[in-house]
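A.B. asks: Each residue of the sequence shown is one higher than the last, beginning at 1 in our numbering. Yeah, the Cβ is synthetic: ideal placement off N, Cα and C, and Gly gets one too. All values derive from a computational prediction rather than experimental measurement. First, the structure itself, so that you have it in front of you.
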Amino acid sequence: MKARVIVTLKNGVLDPQGKAIEGALASLGIKDVDGVRQGKVFDIELGQADAETARETLKAACEKLLANTVIENYSIDIA
């Protein structure tokens, strides 16, 4: 079973990497970019066949390692 976990900063949390990317895009002549928020994507393969068990496993992984839940949100998509 394959899954994708997307981790993004919560609204209101400053994103210095996003600002740096936004500035770099402008310096490269790419216009009309009003904002950039940087995040992380994890593509994970699981040995579990049950989607609900896989979701619980991934939730535990996010809570313990993949996301800093104080400042980040995460979403889980199981294929």
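Going by DSSP in three states, T8 sits in which element: helix, strand or coil?
C.D. replies: Looking at T8 - three-state DSSP - the assignment turns out to be strand.
A.B. asks: Is it a yes or a no for the region 56 to 76 touching the region 29 to 37, going by three-plus beta-carbon pairs under 8 Å?
C.D. replies: In short, these stretches do not touch, since the Cβ pair count stays below three.
A.B. asks: Assign A20 to buried or exposed, taking buried as 16 or more other Cβ atoms, counted over all protein chains shown, within 10 Å of its Cβ.
C.D. replies: exposed
A.B. asks: What does N73 pair with, by DSSP beta-bridge criteria?
C.D. replies: T8
A.B. asks: For G35, which of T57, R4, S75, L14 has the nearest alpha-carbon?
C.D. replies: L14
A.B. asks: Would I71 and A3 be called neighbours here (beta carbons separated by less than 8 Å)?
C.D. replies: no
A.B. asks: Spatial neighbours of I6 within its chain, please: CB distance less than 6 Å, with the 5 preceding and 5 following residues excluded, ordered by chain position.
C.D. replies: The beta carbon of I6 sits closer than 6 Å to those of V41, S75, all from its chain and outside the five residues before and after it, given in chain order.
A.B. asks: How about M1 and L46: are their beta carbons less than 8 Å apart?
C.D. replies: yes
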